[in-house]
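In UniProt numbering, the protein residues as written are 1 to 592.
All C-beta atoms, glycine included, are put in the ideal place defined by N, C-alpha and C.
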């Protein structure tokens, strides 16, 4: 089990600086290479500086999926800039410069690898670590910009690379694959706790990168996709060997100790008063603006494997949509820990907002009783409460029709519940749940998709990938010979691939920018260009304070305008204008 130890990451790098004579004395007020890379321990300390590149619970990263079809900001009625074509060429952008900072740091480490203080095995290991993080940084650039300047050496002020043209996507992608293949073969394999990145982690990242590149090439009409799809499948299979899906879905995101979780390959450790986050607090106060869309809610299958679109009772305005209890009943249990389930209680009992009682109508306790069996602990309970422990009286709890308290509110009626937990009630923005960086569930999905794209997906692959993930949600296994075709399926997508993509959407729902990146690589951003809707309501039930699509008396909640058709040039980001001014040989992406 690998972990990112925040205590180590927070430490200042304190290295002894050796002195020569007075005329050649090295600077005492800064780190220099001559004193930084003097031992295996020093290489290890230097390498810890890479790990801040992984921050899955960063609010800015989490918000990226507002640009997809599955998530919407409940505090923004104007729609997202990427979807409504309000992006302009920035003067500067951390999307472009931050990865190059990591690349520079990795290249400094690489030019010091041939060090007599290290054994050959140690040299190979630290070279692999540096190549891994350089690959992570270049993948961020590749995803956004396509071809960029490839740098394998430390750049000085007079380097010709400062005026280099962009390298091709082919070169950047093939170099990433080359470097990751080296790291797989040479990184530390002994599983010792003091090495966070090991063979499984490298393979997990290789699985992710190569699937992205292989499918990008296929769906954006570029050659060479099969090489990357094969690499993704091979790397995925290496991670999967000897591992199986265990535990609950919720504990992956709401545990204060992921060290013992066998399904987590790398995680970011959070420690009270040392390194914390605010994602859970934002799920429990008025600043949490993450809503799932109606489309996202409808992705979840019934437990027998039936899609909601294939249920004749699940049509617009039918009871299954009018009543949240029937809508959530007998569905994939991952839905219940990703969206706040329906309930109603008597709150503020005896004038104490931290005390509640069951409602007189027993129907309102259905999911209150179900949740403990799904969660397996007390970190996430119904009724939900804010960070001080004040209870919410009902769900859905609408922002514009709330019951006298403005926390834990929603606009679509499908409020995010994924990162809600009660580990640290009483303290706001000091959350301690650990954040998974690489986990087995994603690797299984990568393998399933890569095998399909290679024409090698069969029942055996389904049994090793999709079915175990479904089982954790209490859903029937995928039988590819008897798929219940979804009437809402994109007709251009094979029914088996549709189910693989559905499973990916469900398992990785609201985990950073997975869905946005998936739509980009599949060239399916037209999904996100559809109007985002909420649950079905009768407007009069809410004093006509919740807008209904088409201004109808009843229908789907609709706050957000319909985006225009997604333009092709938006699939790549614009190069910042300052970079173009500094380097006359740097060309802008087409269309910008």
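Would you please state the rounded distance, in angstroms, between the beta carbons of residue i and residue j? I believe it to be under 8 Å.
i: residue 183; j: residue 131; result: 5 Å
i: residue 416; j: residue 298; result: Residue 416 to residue 298, Cβ: 16 Å. No contact.
i: residue 566; j: residue 526; result: 6 Å
i: residue 418; j: residue 338; result: 5 Å
i: residue 117; j: residue 168; result: Contact flag wrong, Cβ pair sits at about 38 Å.
i: residue 522; j: residue 219; result: 5 Å
i: residue 334; j: residue 506; result: 6 Å
i: residue 426; j: residue 388; result: 6 Å
i: residue 209; j: residue 176; result: 6 Å
i: residue 122; j: residue 42; result: About 11 Å separates the two Cβ atoms, so there is no contact after all.
i: residue 286; j: residue 406; result: 5 Å
i: residue 254; j: residue 379; result: 5 Å
When you compare the CB positions of residue i and residue j, do they come within less than 8 Å of one another, or not?
i: residue 587; j: residue 166; result: yes
i: residue 469; j: residue 256; result: no
i: residue 68; j: residue 504; result: no
i: residue 129; j: residue 147; result: no
i: residue 546; j: residue 293; result: no
i: residue 400; j: residue 267; result: no
i: residue 278; j: residue 59; result: yes
i: residue 501; j: residue 495; result: no
i: residue 576; j: residue 91; result: yes
i: residue 402; j: residue 386; result: no
i: residue 444; j: residue 240; result: yes
i: residue 477; j: residue 83; result: no
i: residue 174; j: residue 450; result: no
i: residue 343; j: residue 382; result: yes
i: residue 376; j: residue 245; result: no
i: residue 301; j: residue 475; result: yes
Starting from the Cα of residue i, find the closest Cα among the options and give me that residue.
i: residue 484; options: 256, 227, 311; result: 311
i: residue 471; options: 303, 59, 78, 73; result: 303
i: residue 436; options: 128, 387, 56; result: 56
i: residue 205; options: 227, 142, 232; result: 232
i: residue 556; options: 412, 259, 578; result: 412
i: residue 594; options: 37, 52, 473, 81; result: Nothing can be reported for residue 594, as the shown portion of the chain is limited to 1 through 592.
i: residue 535; options: 239, 280, 398, 336; result: 398
i: residue 103; options: 507, 73, 466, 135; result: 135
i: residue 201; options: 122, 158, 263; result: 263
i: residue 306; options: 75, 344, 331, 251; result: 331
i: residue 45; options: 431, 89, 109; result: 109
i: residue 64; options: 466, 120, 509, 328; result: 509
If you drop the 5 nearest sequence neighbours on each side, which residues of the same chain put their C-beta closer than 7 Å to that of residue i?
i: residue 94; result: none
i: residue 452; result: 496, 497, 500
i: residue 429; result: 278, 281
i: residue 66; result: 72, 73, 80
In the DSSP assignment, find the alpha helix (DSSP H) that holds residue i and state where it starts and stops.
i: residue 209; result: 199 to 219
i: residue 467; result: 466 to 472
i: residue 43; result: 40 to 47
i: residue 336; result: 333 to 338
Which stretch, first to last residue, makes up the beta strand (DSSP E) that contains residue i?
i: residue 346; result: 343 to 347
i: residue 183; result: Residue 183 -> not in any beta strand (DSSP E); alpha helix (DSSP H) instead, spanning 169 to 186.
i: residue 582; result: Element bounds for residue 582: not the beta strand (DSSP E) but the alpha helix (DSSP H), 577 to 582.
i: residue 536; result: 536 to 538
i: residue 292; result: 290 to 292
i: residue 511; result: Element bounds for residue 511: n/a, residue is neither H nor E.
i: residue 436; result: 435 to 439
i: residue 555; result: 554 to 556
Only counting the same chain, and skipping five residues up and downstream in sequence, which positions put a Cβ closer than 6 Å to that of residue i?
i: residue 23; result: Annotation note: pLDDT 31 at residue 23 (below 50); position unreliable, no value reported.
i: residue 195; result: Confidence in residue 195 is poor, its pLDDT being 42 and thus under 50, which makes the residue's placement too unreliable to answer from.
i: residue 229; result: 214, 450, 453, 454
i: residue 578; result: 91, 92
i: residue 141; result: 99, 148
i: residue 313; result: 320
i: residue 272; result: 432
i: residue 309; result: 486, 487, 488
i: residue 11; result: Low per-residue confidence applies at residue 11: pLDDT is 35, beneath 50, and the placement is therefore not dependable enough to give any value.
i: residue 459; result: 480
i: residue 96; result: 576
i: residue 144; result: 95, 573
Who are the near neighbours of residue i in its chain, counting only those whose CB is closer than 8 Å to its CB and skipping five residues on each side?
i: residue 189; result: 198, 199
i: residue 186; result: 124, 125, 127, 128
i: residue 626; result: In the structure as shown, the chain begins at 1 and stops at 592. Residue 626 is therefore absent and cannot be evaluated.
i: residue 548; result: 537, 539, 554, 555, 556, 557, 558
i: residue 358; result: 345, 346, 364, 365, 368
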